[in-house]
Amino acid sequence: MSLLTTLTYALPHRALSSAARRLAYSTHPAVKQWLIDTVTRKFGVDLGEAAQPDPTAYPSFNAFFTRALKPGARTPDPDPRALLMPADGHVSQCGAIVDGRIFQAKGQGFTAAELLGSEADAAPFADGLFATIYLSPRDYHRVHMPWTGTLRETVHVPGRLFSVGTDAVANVPRLFARNERLVCHFDTDFGPMVQVMVGALLVSGVETVWSGEEIPAYADSITRKDYRGRGIVLERFAEMARFNYGSTVIVLLPKSAATLAASLVAEAPVRLGQRLATRG
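Quick note, the sequence shown lines up with residues 78 to 357 if you use my numbering.
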């Protein structure tokens, strides 16, 4: 375990993330430009595919970080049976949910019930599939829909804000079930589908297209919002939410709904719109 990961057990997670939020939203020209230029240089951000390629045109670091892409920069897999990758990034892990457990790394895992906040919510995904996608600071930070779905409910689950980098994932037990997260439940034509937006250290917010900012305010108890009957339908490939700094999205699918793409292996780079799975 790295020194940074060790220190994160003791660090004031929310205070640090709140401070990062203030910096991210700062419109001070020198502050915002220093942040944009530093991240662009350090992580090799490709602004050539951004709708706004001029790094000085963004009013804040957060505006830069949640930038839109040029039309056509990402396209969905043309096979109508293909469920789509929801984000740019790398595969952290993917595969079957075995005995209700989701694999994290190095023999570690957590239960779907821990991740989603209840046994009842996890029941439809028993023996189903999961895919965990890590978005690095260089990636496009908007998360899209793998398949057309009607929003049923969101569950804001409180927790810590550990880093979700490789070392932390390998060494912090049950990391994704410990970090604060927003669980988004959808009904689809193959049954339920979940996308989990996992917060992380220095993540200054999670926003959805239907409700705006969800994290912060950081929570101390589980908060459920019922959207049944509201008719909020998001089409396949449509934007769903965004991270205001790098983090992780986890997709859960029920048993027999689909087969994961054979090309998906741990650490494989992925792009929004490529095939995540094929309908069963």
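Built from N, CA and C at the ideal position, the CB exists for glycine as well.
Per DSSP, which residues does residue i bridge with? Please list them.
{"i": "leucine 206", "result": "Ala173, Leu330"}
{"i": "leucine 142", "result": "Position check: residue 142 holds phenylalanine in this sequence, whereas leucine was assumed. Beta-bridge pairing links phenylalanine 142 to no other residue."}
{"i": "phenylalanine 180", "result": "Gly186"}
{"i": "isoleucine 292", "result": "Val283"}
{"i": "tyrosine 211", "result": "His167, Thr325"}
{"i": "aspartate 264", "result": "Thr227, Pro269"}
{"i": "alanine 335", "result": "Arg356"}
{"i": "histidine 233", "result": "Leu259, Thr300"}
{"i": "leucine 311", "result": "Gly226"}
Taking the beta carbon of residue i as the centre, do at least 16 other beta carbons fall within 10 Å, making it buried, or is it exposed?
{"i": "lysine 183", "result": "exposed"}
{"i": "lysine 109", "result": "buried"}
{"i": "isoleucine 299", "result": "exposed"}
{"i": "aspartate 204", "result": "exposed"}
{"i": "glycine 350", "result": "buried"}
{"i": "threonine 133", "result": "exposed"}
{"i": "threonine 82", "result": "buried"}
{"i": "alanine 198", "result": "Residue identity check: residue 198 is aspartate in the sequence provided, not alanine. Looking at its Cβ environment, which holds 16 or more other Cβ atoms inside 10 Å, aspartate 198 is buried."}
Keeping to the same chain, check which residues put their C-beta closer than 8 Å to that of residue i; ignore five residues upstream and five downstream.
{"i": "serine 213", "result": "Phe120, Gly166, His167, Gly323"}
{"i": "lysine 147", "result": "Glu126, Ala127, Ala128"}
{"i": "threonine 117", "result": "Leu124, Pro132"}
Contact defined as beta carbons within less than 8 Å: I believe residue i pairs with residue j. What is the distance between those atoms, to the nearest angstrom?
{"i": "leucine 278", "j": "serine 94", "result": "6 Å"}
{"i": "leucine 160", "j": "proline 223", "result": "4 Å"}
{"i": "glutamate 230", "j": "tyrosine 304", "result": "6 Å"}
Excluding sequence positions up to five away, which residues of its chain have a Cβ less than 6 Å from the Cβ of residue i?
{"i": "valine 310", "result": "Thr227"}
{"i": "threonine 225", "result": "Glu312, Arg313"}
{"i": "valine 234", "result": "Gly194, Arg258, Ile299"}
{"i": "arginine 219", "result": "Glu316, Arg319"}
{"i": "valine 122", "result": "Arg215"}
{"i": "proline 153", "result": "Leu161, Phe314, Gly350"}
{"i": "proline 250", "result": "Gln185"}
For the beta strand (DSSP E) that contains residue i, what are its first and last residues?
{"i": "glutamine 110", "result": "No beta strand (DSSP E) holds glutamine 110; the alpha helix (DSSP H) holding it covers 106 to 120."}
{"i": "alanine 190", "result": "Careful: alanine 190 lies outside any beta strand (DSSP E), inside the alpha helix (DSSP H) at 189 to 193."}
{"i": "arginine 301", "result": "300 to 303"}
{"i": "alanine 199", "result": "Premise fails: alanine 199 lies in the alpha helix (DSSP H), 196 to 199, not in any beta strand (DSSP E)."}
{"i": "leucine 160", "result": "159 to 161"}
{"i": "alanine 318", "result": "316 to 320"}
{"i": "leucine 353", "result": "352 to 356"}
{"i": "arginine 219", "result": "219 to 221"}
Leaving out five residues on either side along the sequence, give the residues of the same chain with a beta carbon under 7 Å from the beta carbon of residue i.
{"i": "arginine 348", "result": "Arg151, Met162, Asp165"}
{"i": "alanine 180", "result": "As written in the sequence, residue 180 is phenylalanine, which differs from the alanine given in the question. Excluding sequence neighbours, phenylalanine 180 sits near Gln170, Gly172, Gly186."}
Counting along the chain, where does the alpha helix (DSSP H) carrying residue i start and finish?
{"i": "threonine 243", "result": "243 to 248"}
{"i": "glutamate 344", "result": "It is not in any alpha helix (DSSP H) - glutamate 344 carries neither H nor E in the DSSP assignment."}
{"i": "alanine 128", "result": "Premise fails: alanine 128 is in no alpha helix (DSSP H) and is neither H nor E."}
{"i": "histidine 90", "result": "90 to 102"}
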